[in-house]
Structure formats: C-alpha cells, structure tokens
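Novice:
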Amino acid sequence: MSSCAARSNDALVLSSDPIHPANLICEFCRLFYQNGWVTGTGGGISIRDDDKIYLAPSGVQKERMLPENIFVMSFKTQEYIRKPLSLKPSACTPLFMAAYSKRNAGACIHTHSQNAVMCTLLFDEVFEISSIEQIKALPRITRPGNMWYSDKLVIPIIENTEREEELESSLRVAIEKYPSATAVLVRRHGIYVWGETTWKAKIYNEAIDYLLELAIKMKQMGIPTVKKV
Ligand SMILES: CSCCC(=O)C(=O)COP(=O)(O)O
Ligand SMILES: [Zn+2]
Numbered sequence: 002m003s004s005c006a007a008r009s010n011d012a013l014v015l016s017s018d019p020i021h022p023a024n025l026i027c028e029f030c031r032l033f034y035q036n037g038w039v040t041g042t043g044g045g046i047s048i049r050d051d052d053k054i055y056l057a058p059s060g061v062q063k064e065r066m067l068p069e070n071i072f073v074m075s076f077k078t079q080e081y082i083r084k085p086l087s088l089k090p091s092a093c094t095p096l097f098m099a100a101y102s103k104r105n106a107g108a109c110i111h112t113h114s115q116n117a118v119m120c121t122l123l124f125d126e127v128f129e130i131s132s133i134e135q136i137k138a139l140p141r142i143t144r145p146g147n148m149w150y151s152d153k154l155v156i157p158i159i160e161n162t163e164r165e166e167e168l169e170s171s172l173r174v175a176i177e178k179y180p181s182a183t184a185v186l187v188r189r190h191g192i193y194v195w196g197e198t199t200w201k202a203k204i205y206n207e208a209i210d211y212l213l214e215l216a217i218k219m220k221q222m223g224i225p226t227v228k229k230v
C-alpha cells in the first residue's frame, strides 16, 4: 500500500463498536493511566485482530489518545496499512511483534508499573512467588487451564537497554527460555504481559501487578515469596 493510502485509511480505526481494537486501546490506556502504569508517555498496549496489528503512537500522553491516532500494521507483510500523519509508531512495536509471532498473542501490554520496577530490583534472574490465591488467574501456557494456588509463578527478568527497540532480542530469548511465562520483566523499566485475547492480557496484567505489589510487601516483612512445601 502506498504511504498516501496508508495515511487515509480511517475506516480501519473509526468505529462505534466499543470493543473495536482502536477504541479498546484508548479505553485501556485511560484505565492504566489511573493505576500509574502508563504515566508520562511510558508504556502502552497493542491488539491483534487476525492480520491487523493495532499500535499506539510513540511519545504521546497515552491517556489522551484518540482512535484516529492509532497505527495499523499487516501481520503478514509487516507493512503499515494505516499511518497517522506526523506521528511515529510506538517504540515497543518490535516487542509486541515478538509476542504475536512467538506466542500467537491476541494483545500485549507494556507498563512502567512501579511494582514491576521495584521487583526487578529485589529479584535477580527471575521473579518468583507461590501459594497465593491470585496465582489462579494466570495461565499454565504449556498445558491447558490456569495455575493452581500452590504453583510457583516464574517471570524472567531481562536487562534494560537505552532504546526500547533494543530489548527485542533479549525478550525473544526469554520467551524461548521460559515457555510457561506470559510476561517478561525489564530491569529498572517495567513489564510486558501478553494473552491469547485482549481480555486475557488485561486480566493477566492485573493479576501479575497484584502479585508484584504483594511480593514487595512480603520482602519488606522478611516473608519468603516462595512457600516451602
Ligand atoms: C518515558 S517513556 C520512554 C519510552 C518507553 O519506555 C515506553 O514504553 C514508551 O514507548 P512509546 O514509543 O510507545 O511512547
Ligand atoms: Zn517502556
């Protein structure tokens, strides 16, 4: 598609359907902003609908985004089929693409949650927690169904880089090394969380952030995050 046609493809993002991906991205970013997850332009969310990948613009106040600001890329050709004028696509795009291609995700969320950042300072190679009821909201990935209360949740931690795009290779390595993970933490930066659908990605992100916050409090109290059986 010519860049001129890509610019004017408004029908791809303008819809009265509240669960259209372009509308959901804007709604979720407002919700995430209230939780302190995407403040100061950091973080965001991408949604995949079959061949269409919906992406937010880079460096904008994510809570003020409008559907007309959303980029659309073809998953097959990796070319933009909608490019808003005078905006750049999110720098997280290669990382979102890794979740789509390596895990067949339906959506991927990136937050700068302080709980995520703190946990990367308190844990070394991986974040671990077990025997907490909220773990049951998370999937097993390598087997059908969700985790049990007493299962151990393990989230790999990768090192931060100067530019968001440069995280792609280590994120891909972590996804391969930890096939049961539905998230990757980035040291001193935040977290990427994905799921088979937009709703599952949202639930996983909420459950994981709850567990990250709890783990910080447990560490402060000297309580081990993994219970001895
Ligand atoms: C203060 S935000 C720095 C860039 C970043 O980490 C991020 O998640 C935002 O990237 P985007 O290109 O989507 O604005
Ligand atoms: Zn970031």
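Start counting at 1 in the sequence shown, then tack on 1, and there's your number in our numbering. Even glycine gets a Cβ: it sits at the ideal position worked out from N, Cα and C. Just so we're clear, the structure is a prediction, and the values are computed from it rather than from any experiment.
Skipping 5 residues on each side, what residues in its chain have a beta carbon closer than 7 Å to that of Ala208?
Specialist: Stepping through the sequence shown from its first residue, residue 208 is reached at position 207. If we look at Ala208 and ignore the five residues flanking it on each side, its Cβ neighbours are Gln135, Ala138 and Leu139.
Novice: Could you round the C-beta distance between Val227 and Ile130 to whole angstroms and report it? I think they count as a contact, below 8 Å.
Specialist: Sequence index remark: in the sequence shown, residue 227 carries index 226 (1-based). Sequence index remark: in the sequence shown, residue 130 carries index 129 (1-based). Indeed, because the Cβ distance is near 7 Å, the residues count as touching under 8 Å.
Novice: Considering only the alpha carbon of each residue, which of Asn206, Leu186, Ile133 and Arg141 lies closest to Ile224?
Specialist: In the sequence shown, counting from the first residue as 1, residue 224 sits at position 223. Cα-wise, what sits closest to Ile224 is Ile133.
Novice: Mark Asp125 as exposed unless 16 or more other C-beta atoms lie within 10 angstroms of its C-beta, in which case mark it buried.
Specialist: For the purposes of this step, residue 125 is identified with residue 124 of the sequence shown, where counting begins at 1. Exposed, since its Cβ has fewer than 16 Cβ neighbours within 10 Å.
Novice: Can you give the Cα-Cα distance for His21 and Val61, rounded to whole angstroms?
Specialist: Stepping through the sequence shown from its first residue, residue 21 is reached at position 20. Stepping through the sequence shown from its first residue, residue 61 is reached at position 60. Between His21 and Val61, the C-alpha separation is close to 21 Å.
Novice: On the premise that Val187 lies in contact with Tyr205, defined as a C-beta separation below 8 Å, what is that separation, rounded to the nearest angstrom?
Specialist: The residue you call residue 205 lines up with position 204 of the sequence shown. The residue you call residue 187 lines up with position 186 of the sequence shown. Actually they are not in contact, since the Cβ atoms of Tyr205 and Val187 sit about 16 Å apart, beyond 8 Å.
Novice: My output table needs one value for Asn147: the three-state DSSP class, helix, strand or coil.
Specialist: As a working mapping, residue 147 is identified with position 146 in the sequence shown. Reduced to three states, the DSSP call for Asn147 is strand.
Novice: Does DSSP put Ala108 in a helix, in a strand, or in coil?
Specialist: As a first step, residue 108 must be located in the sequence shown, where it is residue number 107. Three-state result, Ala108: strand.
Novice: Using DSSP bridges, identify the partner residues of Tyr55.
Specialist: For this step, residue 55 is matched to residue 54 along the sequence shown. Note: Tyr55 sits in a beta bridge opposite Ile48 and Val73.
Novice: Please say whether Ser47 and Tyr34 have beta carbons closer to each other than 9 Å?
Specialist: The residue labelled residue 34 in the question sits at position 33 within the sequence shown. The residue labelled residue 47 in the question sits at position 46 within the sequence shown. In this structure, Tyr34 keeps its C-beta atom at 9 Å or more from the C-beta atom of Ser47.
Novice: Given this structure, state the Cα-to-Cα distance separating Lys63 from Glu163, to the nearest angstrom.
Specialist: Here residue 63 refers to the residue found at position 62 when the sequence shown is read from its first residue. Here residue 163 refers to the residue found at position 162 when the sequence shown is read from its first residue. The alpha-carbon atoms of Lys63 and Glu163 are separated by roughly 21 Å.
Novice: Do the CB positions of Gln57 and Ile71 come within less than 9 Å of each other?
Specialist: To locate residue 57, count along the sequence shown from 1; it is residue 56. To locate residue 71, count along the sequence shown from 1; it is residue 70. Note that residue 57 is Ala in the sequence shown, not Gln. Cβ atoms of Ala57 and Ile71: closer than 9 Å.
Novice: Between Leu13 and Ala106, what straight-line distance do the alpha-carbon atoms span, to the nearest angstrom?
Specialist: Counted from its first residue, the sequence shown places residue 13 at position 12. Counted from its first residue, the sequence shown places residue 106 at position 105. Computed Cα separation, rounded: 20 Å.
Novice: Which full runs of the beta strand (DSSP E) of 3+ residues lie inside the segment 139–187, going along the chain?
Specialist: 153–159 and 184–187
Novice: Roughly how many angstroms lie between the CA atoms of Arg31 and Thr199, to the nearest whole one?
Specialist: In the sequence shown, residue 31 corresponds to position 30, counting from 1. In the sequence shown, residue 199 corresponds to position 198, counting from 1. Taking the straight line joining both Cα atoms gives about 15 Å.
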